[in-house]
Structure formats: structure tokens, C-alpha cells
Amino acid sequence: MAQNIWKTAGFALIAYVLIMVFAVPMGPGLLELRETGENTNEVVLGSNALEYHLTGFGTHWSEDPEQLQVILRSKKNLALLNVIEVLDDTHARIGLSLPYSLPSKSWDVLINHPIDGTLLLENGLFLSDRFVDESIVLPKVSIVEAEPNLPFHFPYQPSILETIRNLMLHVPMWFTMFVLMGIAFVASIRQLATPKAIAEDEKAEAAVKVGLLFGLLGLTTGSVWARFTWGAWWVDDPQLNGALVTVLVYSGYMVLRNSLESERLRARLSAVYNLFAFIILVILLMVLPRFSESLHPGKGGNPGFNSYDLDSALRAAFYPAVLGWILIGIWMYRINLRFTRLNKQLR
Amino acid sequence: MTGSSPSSRKASSWTRYVYLTRHAFQMELRQKNGLAGLVLFAIAAVYTCYQVAGSRADADAWNALAWVVLLFSAFNAVSKSWPDDSPEMRNYLIHVVRPHEWILARITFFCLLLCGLTCIVFLAFTLFLGTEHLSGNQGLAFFGGMQLTAMAMASLLAMIQALAVRANGGFGLIAVLGLPLIIPVILIATRYGMEILNGVAFLDTAHNLLFLATLSAGFGALGYILFPYLWSD
């Protein structure tokens, strides 16, 4: 019982992670401030006031509609906008009555709300038809930053949105594959040191099989993510190429195994190839992405997620996910190994 | 044959290495049709590219085609078995030379073979697809990059070819095992070529060449360490 505790731990961790992935709400953010092309018809704002639609993500505006403040910011200039009506939690009608001459055309949009806190949409508003005079100073408005009052949530990331949950399902696949291929690498070295037996070769085979499965799952989850964030199932990117080539290299390993009849020769040749394969994996997934520009999260010389992008809520789900998937992967590898050996005994 | 016999006990490792390398070339030169086949494949591949892209190829396409032709010519060049690869010959060689002497000789042979092939590919390529994207020293830098890439491919393919021969897997196996492993080399080479064509100064992109040299040294070292396991019974 005691020696199986790590399996239970693996399962418990994955169960905990899945609950986290699907149950934890998303943090709030601002999606867009869009012109409706209509006048507001609000007498107080004057005849030249334009109506805008503000769209939030995961916000709670209808719980305290009176307290919603919408602010424009450009360098040191601030302007307060009029909230005409809060339609629901994430939609509001905004009236914009700014003078014709402004210090800038491009404005950041901020909101203050007692639940959501202060949210920022960089360059959220572009007024193309205004006259720009940088010397203009808008009248001062005093605004106090609001402290958010939110339950436990995953952070809002522009354009990633809900799919940040995929972090717990996509990234650990590669970690697990890496661990399994590492097991196969060590087994192959030991196989070369013990040419008379094939026990280590069986280990390498089982580990590569399970590792390939995790690699394919990593490609699939990554592809779904790419479709959402980049708009295509596959994009040309060093990180993605490296991942695909790694899977191809290990598929080559399986082809090599199947083309050999003699058990001992197969053990030796596939061990030799596996050493090449693992070194190429390290080069492709850890060295090359650091030398090239990539769209992949964590760009700028770091193939993983940037440490600044992980807040405490993500950490609480991500680290258990990595550990849990690795434990499950090792368990799958051991079952696969035992299955292969039993099959051989039966034959 | 001149020179000391390879089986002589007094012969040093170096002598045996030189002997094996020369022997490989003699074997290759004896099969004139094999050598002619390599050249013909390279020129036919270049001519196919010329038919497909013509002289209209922009810098991107020119660069891509050059590396693809080099890659496939190199695979074609090594995708055969030499008389040395037969099981009988191996049984004999095991007793007279050490495995690392043999693999180093094979790597040297592949290096020289592929470097020669690269010259032909480069000449044919610039002849058919034009040199409008290469001006002044760019041609030299591009050619140098091709030679270094050929060496990196040679040091990897020597091992992969030996593996495929040992597995009796035919030459489809060389492609299946070799192509994915060669991709890092090709990625670096195409990036280097593109930067050269874009007019980046040679010294600003020379780190790619350093990377290629490191890779070929790494592949060579792996082959040196692992080949004995491949060779013995």
C-alpha cells in the first residue's frame, strides 16, 4: 500500500487540477471601447456627444452600476467619461463629449469599479478625426485607484482570455514527455552497458511509447490553443517546429524498432538511435528556441511562460498539474512495461 | 595497393585511418556509375527547381531551393551501401581495424564526398537560377555556409547510414531516421543563408556557422563514442 502512495497522489493532484481548471472563475479585463456611430440623445452631454459601447470580460458592473467610472488617459492628461447606462455585467453605454482639439489621438481606457478594481485597456480608443495639439492640457480630474474585491480567480490576459486554463493541460504534457524521454535516455545508456540482456531496452521502448503519447497530446492541446489565440491550427514558429520534429524523431525510433527482427540487435541499434534522439530533443526544445524569435508565450529568449505571467492562482494550479501529470506518466510507463513483459512470457 | 597493410600490427591508428579513407575513395571511384549518378541527381534536382521557379525566384525562394537541393542531393549521395558495409567485409574488418578508426574514416569520406557534391550543386544552381541575389562576397559566404552544412550532414549521416545498413532497413530507413535529425542543421543553415541574402554583414551572422560547426563536432563525437556498439556483434 505504502509503495503505491505516489499513484494515489498523482490521481489526487490531477483531480484537484481538473477541478481548478474548470471551476475557478476568470479575473476581469477590458475587451474594447467601440463607437456605435450614433449620437447619445442625452441632453446633458450636448449635441456633439457620441455614443460608445464598452465591453468588459468577467466584470461585475451590474452589481454596483453607480460606482462605474470610465477614464481616458494619454500621458498625464485624464478625462472622465459619462456612463449613460450599464446594460449588464460586461456591457455599458458610454457618452463621449470631448473638445475638437486634443493633446493626442490615441488614448488608454481605464475603469474604476469597487469589485473589479482598476482595469486598463492600452490604446483602447483612437480618435482619428480630432485635431492634435500637444500643448493642450485638459482640466484636472481627481481619481482614486480602486482596490479589487474579487474571489480566487485566474488572471486576465489579453487575447488569451479563457484559454489560459489550457496552461494546466498543455505545458505539463511537454514536461512529462521530457521526463519520459529522459527515462528512455538513461535506459538506453544502461542497455549499451549491458549488451547481454534486453531488460533496459524494454524500459526504453515503454518510456518512448508513453512519451510519444504525451507529445501528441501536447501538439493537440497546443493546436487548439493556437487556433484560438493566433487564428490558425498551426503557425510557423521555432517552438512548434521543434515540438513536431521531436515527435517525428521518436516516431523514427519506433520505425527502426519495427524493422529489426533480432532482439539483441534491436536493443543495441535502437539504444544508439535513442541517444541521438534525446540530444536532438534537447537542442530543439531547449537550445534553438532561445536563439530565435517566437510567438510562443514566454517569448524573448525564454521558451516557457514568463515568470511574471504566473500569479499565485496560476501557480496553485500549474505546479500541481506538472507534478500530477509526471506521476501519471510514470505510472503509465510502468504499466506499459509490465504489459510488454507479460506479453513476452505468454508467447 | 601501396602503403602499409592495414592488418600490420606495427601500423598506427593514424595509418589505418588514412588507409581506410583512401580505400573508401578507391571503392567509390571504381564504381563510376555510382559517382555519375550522384552528379546527375544533383543537376537534375537543380534543373527541376529551375523549371519550377525559373529565374524569377525571389531571394526567399532562391534560398529555400538551394538548401532543399543540397539536402536531397546529400541524402541521395549517402543512401547506398558500399562494399565495406557487407557483413562479410565487416567480419573481416572487425579483426584488423578498430571501430573508431573506421567511423572517422567514414566521416572523412562523407565530408569530402559531400563537399565535392556541394561544389557541383552550387555551380549548377548559380548557373541555372542566376546569381542576382548574391553580390560580391555574399556568394563566398553562402558557399562557405553550404560547405559547413555539408560537413554537419556528413558527420550525422555517416552514423545514420551505418545504422540503416546494420538494420537491413533499406534506404527508406535513412530518410526516416535521418531527415528529422537533420532538421536543426537545415533550420540554422536556411536562417544563415537568408541573412546573407538580406545583406547582413558576415560577422553579424557568423554565430550561425559556429553553431553548425558545434553541431557537426557533436554529431562526430557521438558517432565516435557510439559506433563501436553498432559494429560489434
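As they're listed, the protein sequences go chains S and U.
Using this note's numbering, the letters of the first sequence map in sequence onto residues 3 to 349.
Using this note's numbering, the letters of the second sequence map in sequence onto residues 2 to 234.
All C-beta atoms, glycine included, are put in the ideal place defined by N, C-alpha and C.
- Residue contact check for Ile108/U against chain S: no CB pair falls below 8 Å.
- In this chain, Ile86/S is not harboured by any alpha helix (DSSP H); it is covered by the beta strand (DSSP E) spanning 79 to 88.
- With fewer than 16 other Cβ atoms inside 10 Å of its own Cβ, Pro141/S counts as exposed.
- Contact annotation: in the stretch 151 to 169 of chain U, residues whose CB is within less than 7 Å of a CB in chain S are Leu164, Arg167, Ala168.
- Per DSSP, the unbroken alpha helix (DSSP H) holding His208/U starts and ends at 203 to 232.
- By the Cβ test, the stretch 119 to 134 of chain S is in contact with the stretch 91 to 108 of chain S, since at least three Cβ pairs between them sit closer than 8 Å.
- For His172/S, the secondary structure class from DSSP, reduced to helix, strand or coil, is helix.
- As the crow flies, the alpha-carbon of Thr223/S is around 10 Å from that of Phe216/S.
- Here Ser108/S is not near Asp91/S, since their CB atoms are 8 Å or more apart.
- Taking one beta carbon from each stretch, the stretch 181 to 190 of chain S and the stretch 221 to 239 of chain S have fewer than 3 pairs nearer than 8 Å; the two do not touch.
- Selection Ser264/S, Trp227/S, Lys211/S, Ala273/S evaluated against Val249/S yields Lys211/S as nearest (Cα-Cα).
- In this chain, the beta strand (DSSP E) harbouring Ser76/S covers 71 to 76.
- Under the three-state reduction of DSSP, Asn77/U is assigned to helix.
- At a cut-off of 8 Å between C-beta atoms, Val177/U counts as an interface residue with respect to chain S.
- If you look at Gly35/U, you'll find it in the alpha helix (DSSP H) that goes 33 to 54.
- Under the three-state reduction of DSSP output, Glu37/S falls in the strand class.
- Our two residues, Ala62/U and Ile175/U, have alpha carbons roughly 27 Å apart in a direct line.
- Within chain S, Gly244, Val247, Ile282, Ile285, Leu286, Val289, Leu290 have C-beta atoms less than 9 Å from the C-beta of Pro185/U, given in sequence order.
- Flagged as an interface residue toward chain S: Leu188/U, by a C-beta distance shorter than 8 Å.
- Residues of the stretch 251 to 264 of chain S whose Cβ lies closer than 7 Å to any Cβ of chain U, in chain order: Val251, Gly254, Val257, Leu258, Ser261, Leu262.
- In chain order, Leu164, Leu227, Tyr230, Leu231 make up the part of chain U whose C-beta sits under 7 Å from the C-beta of Val274/S.
- Close CB contacts of Ala228/S within its chain, under the 7 Å cut and outside five residues either way in sequence, are with Ala234, Trp235, Trp236, Val237 (chain order).
- Not a single C-beta of chain U is nearer than 8 Å to the C-beta of Phe177/S.
- Interface with chain U (8 Å Cβ-Cβ cutoff): Leu277/S is included.
- Of all residues in the stretch 167 to 194 of chain S, only Leu194 come within less than 8 Å of chain U when Cβ atoms are compared, listed by chain position.
- The beta carbon of Leu30/U sits closer than 8 Å to the beta carbons of Leu36 from its chain, once the five residues preceding and following it are set aside; these are given in chain order.
- Around Leu271/S, the beta-carbon contacts reaching into chain U at under 9 Å are Leu164, Arg167, Ala168, Tyr230, Leu231.
- With a contact defined as Cβ atoms closer than 8 Å, Leu339/S and Lys205/S qualify at about 6 Å.
- Among the residues of chain S, those whose CB is under 8 Å from the CB of Leu174/U are Val257, Leu258, Ser261, following chain order.
- Under the three-state reduction of DSSP output, Thr120/S falls in the strand class.
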